[in-house]
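Colleague:
2 protein chains.
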Amino acid sequence: MTAYNAPIRDMLFAMKEIGGLPTISALPGNEEVGDDLVGAILEEAGKFAGNVLAPLNQTADRQGCRCVDGVVTTPDGIKEAYIAFRENGWNAMPADAEYGGQGLPALVSTPVLEMWKASNMAFSLCQMLTMGAVSAIAHHGNQEQKATYLPKMVEGAWTGTMNLTEPQAGSDLAAVRTRAVPEGDHYRVTGTKIFITWGENDVAENIIHLVLARLPDAPPGVKGISLFIVPKFLVNADGSLGARNDLVCSSIEHKLGIHGSPTAVMSFGDSGGAIGYLMGEPNRGLEYMFTMMNHARLNVGLEGVAISERAYQQARDYARERVQGRPIGAEAGTPIIGHPDVRRMLLDMKARIDAMRALAYYTAGRMDIAHGHPDERARKEAQALVDLLTPIVKAWCTENSIQIASLGVQVHGGVGFVEETGAAQHYRDARITTIYEGTTAIQANDLVGRKIARDGGAAAAALIALMRASIAEWKGEDEMLLVAQRAEAAVGVLERAVQWILDRHGETPALTAAGAVPFLHLAGIVAGGWLIGKQAAIAARELKGGAADPEFLRSKIALARHYALQVSPHADGYLVAMMDGADNVVEFDLAWF
Amino acid sequence: MTAYNAPIRDMLFAMKEIGGLPTISALPGNEEVGDDLVGAILEEAGKFAGNVLAPLNQTADRQGCRCVDGVVTTPDGIKEAYIAFRENGWNAMPADAEYGGQGLPALVSTPVLEMWKASNMAFSLCQMLTMGAVSAIAHHGNQEQKATYLPKMVEGAWTGTMNLTEPQAGSDLAAVRTRAVPEGDHYRVTGTKIFITWGENDVAENIIHLVLARLPDAPPGVKGISLFIVPKFLVNADGSLGARNDLVCSSIEHKLGIHGSPTAVMSFGDSGGAIGYLMGEPNRGLEYMFTMMNHARLNVGLEGVAISERAYQQARDYARERVQGRPIGAEAGTPIIGHPDVRRMLLDMKARIDAMRALAYYTAGRMDIAHGHPDERARKEAQALVDLLTPIVKAWCTENSIQIASLGVQVHGGVGFVEETGAAQHYRDARITTIYEGTTAIQANDLVGRKIARDGGAAAAALIALMRASIAEWKGEDEMLLVAQRAEAAVGVLERAVQWILDRHGETPALTAAGAVPFLHLAGIVAGGWLIGKQAAIAARELKGGAADPEFLRSKIALARHYALQVSPHADGYLVAMMDGADNVVEFDLAWF
Chain X
0 MTAYNAPIRD MLFAMKEIGG LPTISALPGN EEVGDDLVGA ILEEAGKFAG
50 NVLAPLNQTA DRQGCRCVDG VVTTPDGIKE AYIAFRENGW NAMPADAEYG
100 GQGLPALVST PVLEMWKASN MAFSLCQMLT MGAVSAIAHH GNQEQKATYL
150 PKMVEGAWTG TMNLTEPQAG SDLAAVRTRA VPEGDHYRVT GTKIFITWGE
200 NDVAENIIHL VLARLPDAPP GVKGISLFIV PKFLVNADGS LGARNDLVCS
250 SIEHKLGIHG SPTAVMSFGD SGGAIGYLMG EPNRGLEYMF TMMNHARLNV
300 GLEGVAISER AYQQARDYAR ERVQGRPIGA EAGTPIIGHP DVRRMLLDMK
350 ARIDAMRALA YYTAGRMDIA HGHPDERARK EAQALVDLLT PIVKAWCTEN
400 SIQIASLGVQ VHGGVGFVEE TGAAQHYRDA RITTIYEGTT AIQANDLVGR
450 KIARDGGAAA AALIALMRAS IAEWKGEDEM LLVAQRAEAA VGVLERAVQW
500 ILDRHGETPA LTAAGAVPFL HLAGIVAGGW LIGKQAAIAA RELKGGAADP
550 EFLRSKIALA RHYALQVSPH ADGYLVAMMD GADNVVEFDL AWF
Chain B
0 MTAYNAPIRD MLFAMKEIGG LPTISALPGN EEVGDDLVGA ILEEAGKFAG
50 NVLAPLNQTA DRQGCRCVDG VVTTPDGIKE AYIAFRENGW NAMPADAEYG
100 GQGLPALVST PVLEMWKASN MAFSLCQMLT MGAVSAIAHH GNQEQKATYL
150 PKMVEGAWTG TMNLTEPQAG SDLAAVRTRA VPEGDHYRVT GTKIFITWGE
200 NDVAENIIHL VLARLPDAPP GVKGISLFIV PKFLVNADGS LGARNDLVCS
250 SIEHKLGIHG SPTAVMSFGD SGGAIGYLMG EPNRGLEYMF TMMNHARLNV
300 GLEGVAISER AYQQARDYAR ERVQGRPIGA EAGTPIIGHP DVRRMLLDMK
350 ARIDAMRALA YYTAGRMDIA HGHPDERARK EAQALVDLLT PIVKAWCTEN
400 SIQIASLGVQ VHGGVGFVEE TGAAQHYRDA RITTIYEGTT AIQANDLVGR
450 KIARDGGAAA AALIALMRAS IAEWKGEDEM LLVAQRAEAA VGVLERAVQW
500 ILDRHGETPA LTAAGAVPFL HLAGIVAGGW LIGKQAAIAA RELKGGAADP
550 EFLRSKIALA RHYALQVSPH ADGYLVAMMD GADNVVEFDL AWF
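Protein sequences, first through last, are from chains X and B. Here numbering that gives the first Met the number 0 is used: the first residue of the first sequence is 0, the next is one more, and so on. Here numbering that gives the first Met the number 0 is used: the first residue of the second sequence is 0, the next is one more, and so on.
(1) Quick one: which chain X residues come within Cβ less than 7 Å of B:K254?
(2) My assumption, with CB atoms under 8 Å, is that B:I470 sits in contact with B:A459. Please give the rounded CB distance.
(3) Spell out whether any CB of chain B is found under 8 Å from the CB atom of X:H520.
(4) Alpha carbon to alpha carbon, how far is B:C125 from B:T158? Give it in angstroms, no decimals.
(5) Can you list the residues of chain B that X:Q442 reaches, using a CB-CB cut of under 9 Å?
(6) In this structure, how does DSSP classify B:R61 when only helix, strand and coil are distinguished?
(7) Looking only at its chain, what residues have a beta carbon closer than 6 Å to the beta carbon of B:A305, apart from the 5 residues adjacent to it on each side?
(8) For X:E182, which of helix, strand or coil comes out of DSSP?
(9) Please return the same chain residues whose Cβ sits closer than 6 Å to the Cβ of X:C396, not counting the five positions on each side in sequence.
(10) Going by CA-CA distance only, name the one from B:V575, B:M479 and B:D582 that's closest to B:A563.
(11) Please give the ranges of any beta strand (DSSP E) in the segment 269-298 of chain X, keeping only runs that are unbroken, at least 3 residues long and fully inside the region.
(12) Would you say B:D571 faces chain X, with C-beta separation under 8 Å as the test?
(13) Looking at the C-beta of B:F592, does it have a partner C-beta in chain X at a distance below 8 Å?
(14) Count Cβ pairs between the segment 416-432 of chain B and the segment 335-349 of chain B that sit closer than 8 Å; are there 3 or more?
(15) Consider the Cβ of B:I7: report whether some Cβ of chain X lies at a distance smaller than 8 Å.
(16) Taking DSSP's pairing of strands, which residues face X:W157 in a bridge?
(17) Which residues of the segment 401-412 of chain B have a Cβ closer than 7 Å to any Cβ of chain X? Give them in chain order.
(18) Please state the DSSP three-state secondary structure of B:V341.
(19) Between X:N286 and chain B, is the shortest Cβ-Cβ distance under 8 Å, so that the two count as touching?
(20) If you count every other CB in all the chains shown that lies within 10 Å of the CB of B:E30, and 16 or more means buried, which is it?
(21) Just confirm the distance between the C-beta atoms of X:E418 and B:L255, as a whole number of angstroms; I'd bet it's less than 8 Å.
(22) Of the residues that make up the segment 304-315 of chain B, which ones have a beta carbon closer than 9 Å to any beta carbon in chain X?
(23) Helix or strand or just coil, what does DSSP make of B:A191?
(24) Leaving aside the five residues before and after X:G284 along the sequence, list all residues of the same chain whose C-beta is less than 6 Å from its C-beta, in chain order.
(25) Keeping to the same chain, check which residues put their C-beta closer than 7 Å to that of X:M92; ignore five residues upstream and five downstream.
(26) So, does the CB of B:R560 fall closer than 8 Å to a CB anywhere in chain X?
(27) Hey, how far is the Cα of X:V492 from the Cα of X:S554?
(28) With 8 Å as the threshold, decide whether the Cβ of X:P27 is near any Cβ in chain B.
(29) Determine the direct distance from the alpha carbon of B:E550 to that of B:Q323, and round the result to whole angstroms.
(30) Could you pull out every residue in the same chain whose Cβ sits closer than 7 Å to the Cβ of X:L552, ignoring the five residues on either side in sequence?
(31) I'd like to check one pair, X:I274 with X:N244: are the Cβ atoms closer than 8 Å?
(32) Would you say X:D171 faces chain B, with C-beta separation under 8 Å as the test?
(33) How would you label B:G131, buried or exposed, when you count the other beta carbons within 10 angstroms and need 16 or more for buried?
(34) Output, in chain order, the set of chain B residues within a Cβ distance shorter than 8 Å of X:R430.
(35) Does chain B have any CB closer than 8 Å to the CB of X:D75?
(36) Do we get a CB-CB distance below 8 Å when we pair B:P110 with the residues of chain X?
Dropping the structure here:
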């Protein structure tokens, strides 16, 4: 069994210094969000994650879910953990107070969600999907729908799902074929959906499926998709559960990882049509679904941070205990953490995690400002940053997580390849994160097309200006000079890359699409480097002022140095790859493969 | 089920143009190794790999091996495939003619071994370990031992194993505790060994364990280790099988991948001591084992090539069939291979594989020259290259294979995460390759310490001179100018990196150890870039001469361009990482983790 200890100190530092917790706490409606409350929430969440969820991570992985005749059984202990999770109010925590949630800022709920993901990623998906559905109903449902579904879903008695993918369609929602035919005050929904996370389970009293489907007269393509609420059990007028709806889990997938999370094939309408209720207006389903998708993308990016942290803690704990070979210059009996390359691997993991977390929390803080700042301009500027950074957080943090989980295995040597050790599970679990909620290429194309080219590079220019202003301040600290120089160079690389996109996207979109993923890596490296550098600059300043915890602050400076010297330089390689290498990709003859 | 088609055309091109097949065929003793024979061997091996071994890869993975009361059962079909493999002479093929093998050059057996590894990596390990044991006995055994064991092992009736690792020791062989006590003409061996590949199985009539153990009066550390032959069944004077020896498989590991390969925990001497026979002289076991290790390291590097090729073929085949979304500028119904980023991923996989294969085959060709060239100086120069390149082939090809297998999953999107698809298996199987036969860090330290610093950089300088002379020739071809410039710059980066090592290794070995893995990546990128560039230069020259297969040759040029523009530039990042970033690794306080 592998332990998880929520890195509360790192989290609080990133929340305060990068996410802007003092600013967020000062926003209207956040009056109660003081340091004491935040500290207490993180402490309690850390205990639940470490004591309840983390020990189930490996047992659930090994046992997996079962599906017999449409009935899904989750692994031993998961149902009990879910009940405790609900009873402790954790399911409701990220939701709006209006529906029974705690109405906390995104910046405060983000580290808590990170803890669930790190301690038990498969388990955490249930809440994540439910909260996505809550958000969609809250934004687009009518009053009756809100009253019927939200309180039970927020509390966690009922769970929610997103039903997008169909076998023939994959990421291409234009190809959705599921049909919805009007019948009185409802619709009859017929079709098959795949990859439905927690689509059927034994922890919920009812499951509220949000389903993309076409009306009979719908236009073709993405403009003809509507969104329906299709509950597993129909809900009576008094709120009690009524008849079983005509939908069934026909099977669950045998997956590489996240075995504790049932991934269902859902069959709607085998016996005449599942009863569904239209949400919002017809043919606007994709738009509504995207309300959830963007939030979900940030959440999956956060999964990248979380699974990396878990893999890191496991590798570090092993490296501190395992004795093998005498490290250069060390005493006999020194554990393997003394070997230079083990240290390098752990440092690489830790520095990347710190940069990723800073980027995720920074984005969460911008969401709170975009949502609640009294000044409209501040809201708009923050929203532009959220839009720009969302695909970077999603794709870069998840791509990193695969590498970091792989390093976690490597630190263990041969025992890392043995499943009982637990390191391999993170390598398997992490592998889904660059795929679901939009693959890395989808994120990269969103970044290049919608987030950079569409506004003529305005949002990117604003971010670059923010970076430059920030880096200029670091130079006051001597020990920051090298990091500042490297960060400055990296921002220059980002600027050149953005200009390359702007110069080409309109005329040659295939070319910028071929350069999009290298660009995304580049943008992630630079953005992460900026924020880990900022953390170090603040640490350097606090050290001068005689801080209470100098070792922690010194570590932040050393982490930023590692990042500046071992991660940032690769931005240059990605610049060459996109600027000089994209042509060759586009021109490579398909017959040559 | 996923197909495997041996890439014979690519293999023959690399054998001829990079491995130097005409030179190797002209060596004394290789008179029969003509183009016809080589072509016929590759054709037949390709059929066996594609038709017999490849279909069992996934079924064996899913079923796995079982161990009940010390009896291991391999998955359905494996035993029958093994018998066919033996009967077709494939097991014997790489062995010396003296013991019943075909005595083929390494350059010719290498592509055949690549096919076994690609079609069924778990299966291929049985032969690989047996051939390692054959090599050790052939080099260090006495006449009686050779006569007793080699014919049966070469034929494949008996398999062989390497018993190095112990639970407390891992890669640190100095800590080996297994004991061997003399008793008449033999020894009694007692101890526990772990991670014994094919250590117990149901395909062999007998299993010949080579076991590292200590004599009672042995000095401590690696200088007190001897090598013993410990057969599962004792062999009677007439060659028939006698009594069961006192050794048992106490369990097999539950692993992340290579489920078709039983990884045994072997317990020797539970009932008084297993009968073992000393091989060669006492206390020289480690030296003997290294005879096998170096060969095994090249073989594991080749596994990296092979598993990458398999992952590539699977992803390419899927991308050619799957229709989803309309690629930019393409007709509706165009499969996903038309999407620029899918094309980029496949091109990246293919270019890296081509470079890796070239490097592995080049090294195999040098082995043949080192072994059989009439001129002593040529032999020595070739051996120096083999020694230098072995850790690079092993570690760089395997590190790449993890990334390539991961890209293979990514090309599939969501279905890549579903085990039935088969892409995930390669991602799991590849993960062991950077660990066994010496981790990446062990290879990197071997490269930096023994292969570069020990001879004052002489071997590295010779390699760099070879690269420069080769690249200078490319410039005659117009379309090679860019690739040549990039390759030249990359060689300069390698030269600076080598100098950095030479300047520091004696005084600050911890520093060069901290830079060793970044250096290894750098060296692999540069060496691979040299050889893929060389292939392209030859292709360009042949194109001018009006070649029979211009499309194949054009693809080689485009692959080298991709490599030069998207892979080579990262060498610069690794140079900064090692030269500027190693200090920080060494200085990072262990308490900060």
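We treat Cβ as the ideally placed atom computed from N, Cα and C, and that holds for glycine.
Modeller: In terms of the structure at hand:
(1) F416, V417 and E418
(2) Not confirmed; about 16 Å, so no contact.
(3) no
(4) 7 Å
(5) Going along chain B, no residue has its Cβ under 9 Å from X:Q442, so there is no contact; the nearest lies around 11 Å.
(6) helix
(7) E113, K116 and A117
(8) strand
(9) G300, G303, V304 and M355
(10) B:M479
(11) 273-277
(12) yes
(13) yes
(14) no
(15) no
(16) X:N205
(17) I401, S405, V408, Q409 and G412
(18) helix
(19) Residue identity check: residue 286 of chain X is Glu in the sequence provided, not Asn. No, X:E286 does not count as interfacial toward chain B.
(20) exposed
(21) 6 Å
(22) Y311 and R315
(23) A small fix is needed here, since residue 191 of chain B is Thr in this sequence, not Ala. Of the three classes helix, strand and coil, the one that applies to B:T191 here is strand, per DSSP.
(24) L211, I224, S225 and L226
(25) G100, Q101, L103, S108 and V111
(26) yes
(27) 27 Å
(28) no
(29) 28 Å
(30) A538, E541, L542 and A546
(31) yes
(32) yes
(33) buried
(34) S405, V408, F416, A423 and Y426
(35) no
(36) no
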